[in-house]
Ligand SMILES: NC(=O)c1ccc[n+]([C@@H]2O[C@H](COP(=O)([O-])OP(=O)(O)OC[C@H]3O[C@@H](n4cnc5c(N)ncnc54)[C@H](O)[C@@H]3O)[C@@H](O)[C@H]2O)c1
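Residue numbers (this note's numbering): 163 to 517.
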C-alpha cells in the first residue's frame with residue numbers, strides 16, 4: 163500500500179514497510195536488534211514479525227508487563243539495565259512492537275540510552291497505528307501524571323501492518339477509533355462524517371481509514387513538530403481527557419479507562435465548551451455527542467470525581483503560565499488553540515454529558 167513521508171522518516175504499509183525495515187537494518191549494519199514487546203504482543207505479535215525480519219545481526223527480545231500502569235521510570239530502568247547487560251551499544255537498534263505504551267516507553271528508552279540510539283515503531287493497536295507511533299512524542303507517566311516525562315525524537319521508520327489488529331480486542335479497537343474521530347473533528351469534515359453511521363462503514367478497507375488518519379496527523383505535525391502552535395490541535399479532547407484518564411488510573415475504587423475511552427468523553431465535554439463559546443452550533447454539538455455516545459459507553463461522574471479531575475487539570479503539560487489552555491472546535495473540521503475556559507463551564511460540560 164501507500165507510504166507517507168514524515169519529518170525525517172517514513173510511514174510505510176505492509177510488505178513495502180517490511181522491505182524498508184530490512185533495508186534499513188542491512189544498510190546500518192546494526193550490532194544487535196532489540197525488540198521491545200509487552201507481555202501480550204510478545205505472544206500474539208512477535209511470532210508474526212520474526213519471520214519477516216532478515217538479518218545476520220543477533221536479535222534480543224525485551225519484554226515488560228502490559229498496561230499503562232507500567233509506562234513508568236521503573237520499567238525504563240529495568241530495560242536500560244537489560245540493554246547494558248546484553249552489551250547494547252550506539253550501533254544497536256530498538257524495534258518497538260506493540261501499542262502506544264510500548265512505542266512511548268520504548269521510544270523514550272531508545273532516545274535516552276547512551277544519549278540516543280535508533281528506533282523503529284511497528285504499532286500493533288489501532289490507536290498506535292493512527293497516533294502514538296507517529297510524530298516523535300515519546301515518554302512515560304510520573305505517578306498518576308500522564309506523559310509527564312519525555313522527549314520528542316523521531317523513529318527511523320514506522321511500519322503499518324493492519325494484520326496485527328486481528329487479535330486486538332474490540333474494546334481496544336474502539337479506543338483507537340477515538341483518535342480517528344478526533345482527526346476528523348479537528349481537520350476534515352468529510353472524514354468525520356463517515357463515522358456518523360458505523361454500520362455503513364466499509365471495515366474491509368481499514369487500511370484506507372488508517373492511511374487517511376495518519377495523513378491528517380502527519381500534515382499537522384510536519385507544520386509544527388515541536389508543538390509551538392498548530393500541533394496543539396491534536397490535543398483536542400486531551401486536556402480534560404488526560405485528567406480523566408489519570409483520575410481513573412489512580413483511583414482504586416474505579417475501573418480504569420482506556421486512553422481512547424477517556425478522550426472520547428473529553429471530546430464531548432470540549433465540544434460542549436466550544437458550543438458555549440459559540441464556536442460550534444448546538445446541532446453540531448449534538449451530532450458529536452450522539453455519534454460518540456453510540457460508540458463509547460457512558461461513564462458516571464459524581465461531584466467529588468469532577469472536583470478531583472479539575473485538580474489534575476492544573477498539572478496538565480499543556481498549561482501555560484498557570485492557565486489551563488484548551489483546544490476547541492471552530493466548526494466541525496476546524497480548531498482554535500490557546501483557549502481559556504472558566505471552571506463553571508467545565509463543570510457544566512460534565513453535567514450536560516450525563517443528559
Ligand atoms: N506519543 C503519542 O503521540 C501518543 C499519542 C496517543 C496516545 N499515546 C499513548 O499511547 C498509549 C495508549 O496506547 P494503546 O491504546 O495502544 O495502549 P497499549 O499499548 O496499552 O495497548 C493496549 C492493549 O492491547 C494489547 N495489544 C497490543 N497489540 C495487540 C494486538 N495486536 N493484539 C492483541 N492485543 C494487543 C496491549 O498488550 C495492551 O494490553 C497511552 O499511554 C497514551 O498516552 C501516545
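C-beta atoms are modelled at their ideal positions from N, C-alpha and C, and glycine is treated no differently.
Check                                                                                                                                                                               : Outcome
How big is the Cα-Cα spacing for residue 453 and residue 167?                                                                                                                       : 32 Å
Are the Cβ atoms of residue 338 and residue 289 separated by less than 7 Å?                                                                                                         : yes
When the distance is taken between beta carbons, is residue 402 closer than 7 Å to residue 431?                                                                                     : yes
Could you check the C-alpha separation between residue 464 and residue 471 for me, to the nearest Å?                                                                                : 11 Å
For the segment 204-223 and the segment 289-306, state whether three or more C-beta atom pairs, one from each stretch, are separated by less than 8 Å.                              : no
Quick check: is any heavy atom of ligand 1 less than 6 Å from the C-beta of residue 263?                                                                                            : yes
Is any non-hydrogen atom of ligand 1 found closer than 6 Å to the C-beta of residue 511, if you look at the structure I gave you?                                                   : no
Going by alpha carbons, who is nearest to residue 213 out of 183, 227, 276, 428?                                                                                                    : 183
Sort out for me which residues DSSP pairs residue 285 with in a bridge.                                                                                                             : 260
Compare the C-alpha of residue 220 against each of 232, 501, 233, 251 and name the closest.                                                                                         : 251
Can you tell which of 237, 224, 495, 260 has the C-alpha that lies nearest to the C-alpha of residue 436?                                                                           : 495
Following the continuous alpha helix (DSSP H) through residue 203, name the residue where it begins and the one where it ends.                                                      : 201-206
Helix, strand or coil: how does DSSP classify residue 496 here?                                                                                                                     : coil
From this set, 356, 378, 324, which residue's C-alpha is nearest residue 368's C-alpha?                                                                                             : 324
From the DSSP output, read off the bridge partner residues of residue 165.                                                                                                          : 174
So is residue 375 buried or exposed if we call it buried at 16+ other beta carbons inside 10 Å?                                                                                     : buried
Tell me the residue span of the alpha helix (DSSP H) that contains residue 235.                                                                                                     : 235-247
Checking 7 Å against the spacing of the C-beta atoms, do residue 255 and residue 192 come in under that value?                                                                      : yes
With which residues is residue 501 paired in a DSSP beta bridge?                                                                                                                    : 488
May I have the straight-line CA-CA distance separating residue 245 from residue 315, to the nearest angstrom?                                                                       : 19 Å
Please state if the CB of residue 197 and the CB of residue 248 are separated by a distance shorter than 7 Å.                                                                       : no
Could you tell me which whole alpha helix (DSSP H) segments of length 4 or greater appear in the segment 426-465?                                                                   : 444-457
Starting from residue 347, follow the alpha helix (DSSP H) in both directions and report where the run begins and ends.                                                             : 332-349
DSSP has residue 301 in a bridge; who is on the other side?                                                                                                                         : 312
Starting from residue 411, trace the beta strand (DSSP E) both ways and give me its first and last residue.                                                                         : No beta strand (DSSP E) contains residue 411, which is instead part of the alpha helix (DSSP H) from 401-412.
Less than 7 Å separating the beta-carbons of residue 392 and residue 382?                                                                                                           : yes
Measuring only the C-alpha atoms, how far is residue 416 from residue 423?                                                                                                          : 14 Å
Give me, in chain order, the residues of the same chain whose beta-carbon lies closer than 6 Å to that of residue 514; leave out the 5 immediate sequence neighbours on both sides. : 434
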